[in-house]
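Chains as they are written, first to last, in my numbering: chain A, 1 to 502; chain B, 503 to 988; chain C, 989 to 1629.
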Amino acid sequence: MISLVLFFPLAIALILAFLPKYWVRPVALFASILEFLFSLHFVYHFDKSTSALQFVEQVAWIPQFGISYFVGIDGISIWLVILSTFILPIIILASWTSIDDKIKTFHISLFVLLTAMLGSFVAMDAVLFYTFWELSLIPMYLIVGVWGGPRRIYASIKFFIYTMFGSVFMLLALISLMFMAEQQLGQMTSNLLSLYQLNIPYIEGAWGNPQALMFLAFALAFAIKVPMFPVHTWLPDAHTEAPTPGSVILAGVMLKMGTYGFLRFAIPLFPEAVNEFTWFFMFLGVVGIIYGALVAMVQPDIKKLVAYSSVSHMGYVVIGMFALNAYGVTGSIYQMLNHGISTGALFILVGMIYDRTHTRKIADYGGLAKAMPIFTIAFIIITMSSIAVPGTNGFIGEFLILMGTFLSDKAMGVAAVVGVVLGAAYMLWMVKKVFFGEAGKVVKETKLEDLNTRELGIVTILIIMVFWMGIYPKFFLDYTQVSVDHLVENISSYSLEVKVGE
Amino acid sequence: METIVGVKDLVLGAPLLVLFFISILPLTIKVLNNNKEQRPYAVLLQAWMGLIIAGSLYFLQSPDAVLGAFDTALIFDGVNRWMSVFLILISGFCLFMSADNIQTRGSQFSEHTFLVLSSLIGMLIMSASSDLIVTFIGLELMSISLYVLVALSKEQVIAKEAAFKYFILGSLASAIMLYGIALMYGSSGTTYLPDIGRIVSELLVEDVIYQIGSLLLLVGLLFKVSIFPFHAWTPDVYQGAPTPITAFMSTGVKVATFSFLIRLFSQGIYEGNDFIIQLLQVLIVLTILVGNIGAIIQSNLKRMLSYSSIAHSGYVLIGILVLAVNPRDGLAVAAVMFYLFAYAIVNIGSFGIVSLKEKDENKTVFVNDLNGMAKTKPITALIFTVFMLSLTGIPPLIGFFGKLYLFSSALQYEFYWVAMWGVIGSVISVYYYLRPVVNMYMREADKDIEFARQDLNTIGIGICFLLVLLFGILSSNVLNSIQVSL
Amino acid sequence: MEKIWIAILLLSPLLGAMINGFRFRSQNYRLAGSIATICVGISFFASVALFSKLLGMPVESRFFNVSFFDWIQVGSLSVPMAFLVDPISIVMMLIITGVGSLIHLFSIGYMSHDERPAKYFSYLNFFIFNMLLLVMGENLLIMFIGWEGVGLCSYLLIGFWFTDKEKAAAGMKAFITNRIGDAGLLLGIFLLFLMVGSLSFSDINSAGLSEDTGWGMLTLALLALFVGATGKSAQIPLYVWLPDAMAGPTPVSALIHAATMVTAGIYMIVRLNPIFILSPNAMFVIALVGALTAFFAASMGILQWDIKKILAYSTVSQLGYMFLALGVGAFTAGIFHVMTHAFFKALMFLGSGSVIHAMHEEQDIRKMGGLKKYMPITHWTFVMGWLAIIGTPFLSGFFSKDEILWMSVHSPRGSWLLWLIGFITAGMTAFYMTRLMTLTFWGKSRVPKDVHPHESPISMTLPLIVLAVLSVFGGWLGVPHGVSSLLPGHIPHLLEVWFGDLIAPIPGLGKANYALEYSLMAMSVLLAAGSAFAAYKLYTEKESLLAAWVQKAKGLHNLVANKYFVDEFYHARIIRPCVEMSKALWEFVDVGFIDKITYIVSNAFQDLAKAVRMTQNGNLQRYALYILAGLFVSLSFVVWG
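Next comes the structure, spelled out in structure tokens:
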């Protein structure tokens, strides 16, 4: 079943290549909805009581090196799969009018990107994961580069090289893991379940400490993708230059590949190194939160502000994960979903405004609430979700993360709570500047009509998700509960079984 | 002890002989109807007939047999069989390309074909030989026909200059190599590789004469595959030569030379020779860096591809380095052959596209000539992007698996630094490999791009494209069949 | 059965908010207003029904603990969406829904010529829903939902007329200051969870935590909770948002910034009083902050000219009193003052609303005066409120305020210093309230020509009358023991009886020395009367004397008039450095440092590339030289290496 969901988009991409221009969009939309319905199969048949891998499919791919096409879903990855298939129809709907040239190539790269993302979430084989991880670079590069803003070429190259730089070191670590498997398990394999069995030597303090080096190699690749503080500068450029659908899918799902990578690879594979570096990564996370929030406060451009807010939000996810307790990890998984929904929605809304006014300078705006009341209501609800007001999905995620962080390290907890205040500050400052006050240059000059039905449809779906995940999170958390407890309890010797039989 | 040419030798040598006669055929026909050039496709037909026969002859040999011909001067084992078939394929594609390319079509096409085939014969000899002198003969035959081929192009100045440079430097390298062979013969008493291999470990390790000899031999070979200090000729020659010939040189020469290097190292000529291992590591890292860095600011597409070919030779040398440490490592040999296979396909494809782009004579293709190609020629743009990405080593294309196998064999023998720099090299390569993609997709075309009608060439490019995609996923089957033949 | 009542009680304001929300464009303020008022009315009747049910139940099991569904279930934290209706929360619910419905009724008239009435009523209903969530939550997390929910609603309502920049800024300021408080509250919640392992009030209160005389974990947790309370109930560090919150419509100020939202902090401390008792240091800090807030707010109230600003500072000051009561352990007195304050402060805010409505949005009392004859009902109800707040005997203000003053001395946790600050503040309160009365209602009329004030319609004056009655007779609910022993027949302290053992007794509380209590009471009544008279005199005849005093105490006058420059201080010391730092961070760290590195690296590679190109100058001899040089170097290694 996973292979169907995984390769259906590729088939669609192929079909789209031969369709006449005006057929491309409807077929793409219909196919993406179909894909979403297929993926609901996992939710429906998911066995919540076990932490084992489900819907497993395994086929030998390169036997000489023990690489296999090995895919499976467990509590940690199920909602990320659903998030990706859920976001795609919304993106296609949102870009109905905003993307007008080369729409065929656009939709093909969207579907290839979906396969790449789904692949990286379900791949349980290290090399397979790496393949999908790198594959996702190309379509994103094209989306940002071809349909982007003025400095798109610089931004897309920067995005490509940043991510590539991180991931090649991950490749080296991955290969040495495979050789370690050959020494310890008899034959070379990149199957994640057997890699978990390895006890990688951890020489305290030695410069060539293998486990620490490998952990850092993996962590570097994921940190760049998350993005974490020092290596985040590609995100604002990529976001401001990317077209609306590009930003939505980049912020909505692709950042989660980094954090998911931490949860699936870095943390379980290298327990001792994780213990030693937890404070460092939590520190970077907290710095990311505060730094992201502070810099977001002075951004002149709405999209850059939202981009830096993503840096801040993803900082929360990181400290949640490295709290290494049930609350922190569950919170970080939930926050990945929330961030996908709320920041995705924010970018869609900014895109809607940009389509009407073609400027993203905050200074040009003002008094938008009078001109577009429904848009303002939607924007404020989404802002509330992104600054974690209770009743919305953001609150559940952030509360659990902050609790987890506080329980594991008080100082970090207190510093992270400061982020909550800063978060409110820059978002509301922006809302005040853009929506309230007298009518700004833009509102005076252009005739702004409110949301049309298509846009309203998208926004309503996202708002329903915001409130559903905020008021009744138990439905979502039940799926991840057993897997997270399994991860947290035996973090030092993590192992995963395969659920046998349907 | 005279050696008479037996029937077995003739049978095994049949592919070479067939090729030799076929290569003369177009010339004789031309002479017979008083020097009037046949139509290129006729010549092509004859050439392809010869290639097919030669290729099939190779297939007749049973896959795992190790047959020695001419008193085992030429050994036809698994490696050689694969390499020879592969060389024949390469020259086939290059002939396709040269049939359509402006610079090589025209009056002297039969001479052109003759030279390509003779160079192919030289390559086959080289990859099959296990005797130093026979290798030298093969090498010289290959090189000299290439010197002339480079000069044969219609284009006036650059080609002649490139040919001259290639000739002078090539002969310098051959001289060095010959001197090395002489010294090795002096110290070991034989030029037959297996014999040398046997007596290397006890006798020759401390023998300075042997050391110098083997080093000189290595230098000669490394020049041919443009490794760092000896790479300087490559950009000028590759740019000057007509595109089909550049494709032929950048792939055929490398495949032949590396297959001989595999033979050389796996016979244990350099086993346990720590200096060579250190030297190779240094050279690999420098070659990769120089190749990649050199290509960053290249605006001429062919020159960029030539720098990239230098870098890729550096990657392949990693496999040879592993062989120096453990001559019997089958995986490393398979990795080298796979990487060469991947590299050759992509290179022929990309040069094919460059030659598509070269409509008129002296028009060199610049990277920003490709602006906006995605709009006018979407399929060619897609194919060229796939080639570039495969060269960068992006999964799931074939280039990635080539690098994966090479780096794993490097890491297996703890060559961490080499793997590190190799990886950094490929990150640097992202910048210049993606520049054409940027131009094609993200920049508007100032004038429309139209291609000359070159259907043979397009067939070649199409096949390469399919191979790159197909064998990306199915790389294990290719690896398997290579390994089984070792 | 009560599950349905609670469901109705909660969902009807939400329903009202939704209905009005979806019809937010409609101009029909009567329809929108009546829907909203009816919904809050339903909640009021439901809470009265629950109240009567509670009355009938035996004392020890006098609560309903109803759970609807499991909200969060992670690790050992399980938070059900559960509601607790017990004597404390029923009192708060009655206040919220009772005063709330009166204010809704009043707003119908007040919002008659506003262009978005439906949106206003939808926000107001949503506020009531959140406030009920806050007081009925069975655990700290549900309370926190209500807590931030009311913060959100106050943000929306303060910035209701968003076209005006200051009003929008005031809304944002309120939300962010509340958020700072909420951050503290969050830390408190985490600390409590660390100690107790559960978030529900009953578990926390009955967890049997040990007394913490020093500055241990418990005290830190309680202080963190108190930071949350200061944010929400506008105490010293975080009170700055309340005066600016007057930018919202007046009924909003009445409901949110007088009666209900600002009392959330007090409710939380009363709810958790068993654990607050355990830490004397925390209590002391609360008492001190309360007293200081009362004093400073009262002083600021004296020199304000905007009628709503005076009432706002008076609210901050009265809240200071409530926290003083909680600090010294008089939890019942605290809740009692919440109730009485809700009555007379809501009355006065609505009164000022009707004045502003009559004076066509004029809020500056210097342009008012002599409104007595134009607006009789508003005037007399306002007088009732005025008498109650300055503490005239036997009115509600007297009972609750003097109980606090008495307990600040009598309780072992209290001290004479606290009483003295409270005592002086009582005098100041009388002074500024009388000043307000004289300048608006009594003195000579300074109303500009074109404005001719008129009495507000019945829908606005009816709530005033009801509230006036409550302000006068509300006090009898909690007659202090000292006073009741004076009067014939024994009138029990109803609230004390009603709360029973929910309020932890203050350890070491001695017998009440009635003589001392009476003398203190007499002193405070005299002080109040004296300062009221002085204020009346100063602001009617002796204007010149007032101007002379102002001349003499120039510096002090200027300081207090500008609200001790607290706002400017915050802006200069916290907000601007923060913005400057983020600009610097963005300039130097993001663009200047990290991006700079990428530029440096890419330029380095460009230069290297140029260097490589230099070696390729096409010169044949040079290539040959490279080959020979390479050869020579390696050979030398072989021979000598």
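The beta-carbon is built from N, C-alpha and C at its ideal position, and this holds for glycine as well.
DSSP on residue i, reduced to helix/strand/coil?
i: B:Glu916; result: coil
i: A:Trp429; result: helix
i: A:Met188; result: coil
i: C:Gly1339; result: helix
i: C:Trp1486; result: helix
i: C:Val1028; result: helix
i: C:Asp1294; result: strand
i: C:Ser1077; result: helix
i: B:Met503; result: At B:Met503 the pLDDT is 49, less than 50, meaning the model places this residue with poor confidence; the figure from the coordinates comes in the next sentence. Three-state result, B:Met503: coil.
i: B:Ser621; result: helix
i: C:Leu999; result: helix
i: C:Ser1066; result: strand
i: A:Val71; result: strand
i: B:Ile577; result: strand
i: C:Asn1501; result: coil
i: B:Asp776; result: helix
Which one of the options has the shortest CA to CA distance from residue i?
i: A:Val146; options: B:Gly874, B:Ile965, B:Asp709, B:Val932; result: B:Gly874
i: A:Ser176; options: B:Val970, B:Ala947, B:Leu913, B:Arg945; result: B:Leu913
i: A:Tyr22; options: A:Ile62, A:Asp301, A:Val248, A:Trp96; result: A:Trp96
i: B:Leu969; options: B:Ile847, B:Leu617, B:Gln741; result: B:Ile847
i: B:Leu651; options: B:Ser676, B:Thr748, B:Gln563; result: B:Thr748
i: C:Arg1401; options: C:Phe1272, C:Asn1016, C:Gly1176; result: C:Phe1272
i: C:Ile1622; options: B:Tyr543, B:Gln783, B:Ile795, B:Met942; result: The sequence shown places Ser at residue 1622 of chain C, not Ile. Among B:Tyr543, B:Gln783, B:Ile795, B:Met942, the Cα nearest to that of C:Ser1622 belongs to B:Gln783.
i: B:Val939; options: B:Phe909, B:Asp957, B:Val888; result: B:Val888
i: A:Lys48; options: A:Trp79, A:Phe38, A:Glu438; result: A:Trp79
At a CB-CB cut-off below 8 angstroms, which residues of chain C make contact with residue i?
i: A:Trp506; result: Past the boundaries of the shown model lies residue 506 of chain A; chain A is included only from 1 to 502, so the question cannot be answered.
i: A:Glu438; result: Thr1151, Lys1153
What are the boundary residues of the alpha helix (DSSP H) that includes residue i?
i: A:Trp61; result: Not the alpha helix (DSSP H): A:Trp61 falls in the beta strand (DSSP E), residues 54 to 62.
i: C:Pro1451; result: 1446 to 1461
i: C:Lys1355; result: Run containing C:Lys1355: none; DSSP gives neither H nor E here.
i: A:Ile99; result: Looking at the DSSP string, A:Ile99 is not in any alpha helix (DSSP H), and its letter there is neither H nor E.
i: C:Asn1591; result: 1584 to 1603
i: C:Asn1118; result: 1105 to 1124
Could you work out which residues of chain A lie near residue i, taking near to mean beta carbons separated by less than 7 angstroms?
i: C:Trp1203; result: The contacting residues do not exist; C:Trp1203 stays about 15 angstroms from chain A at best.
i: C:Ser1570; result: Leu294, Val295, Met297, Val298
Note the first and the last residue of the continuous beta strand (DSSP E) segment covering residue i.
i: C:Phe1148; result: Per DSSP, C:Phe1148 belongs to no beta strand (DSSP E) and is neither H nor E.
i: C:Gln1061; result: 1052 to 1062
i: B:Ala571; result: 569 to 571
Below 9 angstroms on C-beta distance, what does residue i contact in chain A?
i: B:Phe889; result: Per Cβ cutoff of 9 angstroms: no residues; B:Phe889 is ~13 angstroms from chain A at best.
Taking residue i as the query, report the chain B residues whose CB atoms sit under 9 angstroms from its CB, ordered along the chain.
i: A:Tyr479; result: Here the premise fails: no neighbours, minimum Cβ distance about 30 angstroms.
Interface residues of chain B around residue i at Cβ under 7 angstroms?
i: A:Pro63; result: Ser978
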